[in-house]
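Working notes, structure below.
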Amino acid sequence: MQLTVSQEFRSRIAAGEVSRADADRFEAFVATCDRRLMRHPVITDNAYTRWFATGEAGRADVTHMIVQFSVFSNLFLVAQLLKTINASSLEGMRASKEILANEIGVIFNSAGGRPGGDDADRQGDPELVSIEGSVDGGVFRFRAAHFEWLLKIGEKLGLGFNDMGKRRHGTPSTLFFCDRLAEIYGSADANVAEGASFAVENWAAAGFWKELIAGLEAFKRREQPDLPLAFFTWHDRIEDQHAGHVMDELEAAFFAEGFDQEKFLQGGHDMLDGVQAFWRGLDEHRIAARWHIVP
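The working numbering puts the sequence shown at residues 2 to 296.
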């Protein structure tokens with residue numbers, strides 16, 4: 002996918018709300034982001050998720066992926082907390098809190114009514130919870146924590162609470178990714194953190210969720226009919242929604258006081274390298290397993 006300025010931004014140019022000089026500067030920066038970030042191989046050529054989508058993943062492959070994803074999911078809380086603490090504005094802090102609170106189980110308070118309907122036992126079920134709204138005024142449910150959704154998947158694969166999510170369960174490549182999230186995405190330098198956030202949003206919207214879902218659906222049909230997939234389908238839906246806001250966030254960052262283009266781009270690129278390490282580790286593991294050299 003190619004980055005372009007939003008139609009709203011073009012309308013503001015036409016209305017004279019944005020000067021031609023500012024518009025030219027921003028459009029040039031968008032082109033630079035497209036060239037230096039959007040063509041990163043983790044966005045354009047993710048070998049692991051492309052293979053996973055074929056449906057060839059067996060039980061051992063699926064189990065390993067879920068465990069590593071659970072480590073990422075749990076340790077992401079550290080990075081998101083740092084991003085909240087290091088926010089450069091109240092608005093930015095609140096935006097970070099939205100993500101953090103939702104991750105730990107606060108359901109978005111949508112206009113459609115109570116999250117999960119009237120059945121309190123199912124409030125927190127990712128099949129039901131909203132992908133829209135705000136955590137402000139939302140309901141907290143232990144079951145709505147994203148890690149608990151992964152535990153439900155792990156349970157069907159024979160995994161227990163102490164088999165998932167801890168740092169000790171992560172491979173070196175998974176831990177490298179998680180540590181880079183804390184260091185770059187959670188950076189105290191607003192330019193670096195914004196670049197990392199922009200990169201993460203674009204990676205998340207690039208289609209990897211759909212590829213994982215395709216592979217998991219194939220495994221479910223073949224081996225595990227009761228495997229719950231809503232953790233993945235929920236995230237796929239919310240990333241489709243987020244994709245429309247990415248350019249608005251880039252515009253806000255670009256025109257903010259003290260913006261440093263090079264720090265932003267470096268933070269984004271370094272973050273994508275960290276993401277790539279995670280997927281490369283999964284790909285190397287599955288290849289090694291087929292040659293029977295995984296201990």
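Backbone N, C-alpha and C define an ideal beta-carbon position, used for all residues, glycine too.
The structure presented is a predicted model; accordingly, all values stated were derived computationally and were not measured.
Under the three-state DSSP convention, the category residue i falls into
i, result
"Asn47", "coil"
"Met272", "helix"
"Asp227", "coil"
"Lys157", "helix"
"Thr175", "helix"
"Trp292", "coil"
"Ala206", "coil"
"Glu258", "coil"
"Ser7", "coil"
"Ala253", "helix"
"Ala121", "Because the pLDDT of Ala121 is 47, which lies under 50, any placement of that residue in the model is unreliable, and the number read from its coordinates should be weighed accordingly. Note: Ala121 maps to helix in three-state DSSP."
"Asp190", "coil"
"Asp126", "coil"
"Thr234", "helix"
"Ala16", "coil"
"Pro116", "Confidence is the limiting factor: at Pro116 the pLDDT is only 45, short of 50, which leaves the residue's position unreliable, though a coordinate-based value still follows. Reduced to three states, the DSSP call for Pro116 is coil."
CA-to-CA distance, residue j to residue i, given in whole angstroms
i, j, result
"Phe30", "Val136", "33 Å"
"Ala278", "Arg11", "37 Å"
"Met66", "Arg287", "9 Å"
"Asp23", "Asp227", "54 Å"
"Gly56", "Phe209", "14 Å"
"Phe77", "Ser71", "10 Å"
"Thr214", "Ala290", "Note that residue 214 corresponds to Ile in the displayed sequence, not to Thr. Their Cα atoms are separated by approximately 22 Å."
"Asp126", "Glu156", "16 Å"
"Gly114", "His147", "Residue placement at Gly114 cannot be trusted, given a pLDDT of 46 that sits under 50; what the coordinates show is reported in the next sentence. One C-alpha to the other measures close to 21 Å."
"Ser90", "His236", "27 Å"
"Val63", "Trp292", "17 Å"
"Val107", "Arg21", "43 Å"
"Gly117", "Met248", "Note that Gly117 has pLDDT 44, beneath the 50 cutoff, so the model's placement of it is unreliable and the number below is only indicative. Spanning the two alpha carbons is a distance of roughly 31 Å."
"Arg281", "Asn163", "25 Å"
"Ile14", "Thr85", "33 Å"
"Phe73", "Gly166", "7 Å"
"Trp204", "Leu38", "10 Å"
"Gly59", "Leu217", "10 Å"
"Ala207", "Asp35", "13 Å"
Continuous alpha helix (DSSP H) stretch holding residue i: start and end
i, result
"Ala102", "Leu91 to Ile105"
"His41", "From DSSP, His41 is part of no alpha helix (DSSP H); its letter is neither H nor E."
"Arg21", "Arg21 to Arg37"
"Ala80", "Arg60 to Ile86"
Cross-strand partners of residue i (DSSP beta bridge)
i, result
"Asn110", "Ser135"
"Phe141", "Val107"
Beta carbon proximity, residue i to chain C, threshold 8 Å
i, result
"Glu18", "You won't find chain C in this structure, because it holds only one protein chain."
Exercise for review: Decide if the segment 37-53 is in contact with the segment 127-144; the criterion is three or more beta carbon pairs, one per stretch, under 8 Å apart.
Suggested key: no
Review point. How about the segment 172-183 and the segment 215-224: do they share at least three Cβ pairs that are nearer than 8 Å?
Key: no
Review point. So, do the segment 256-271 and the segment 180-198 have three or more beta carbon pairs nearer to each other than 8 Å?
Key: yes
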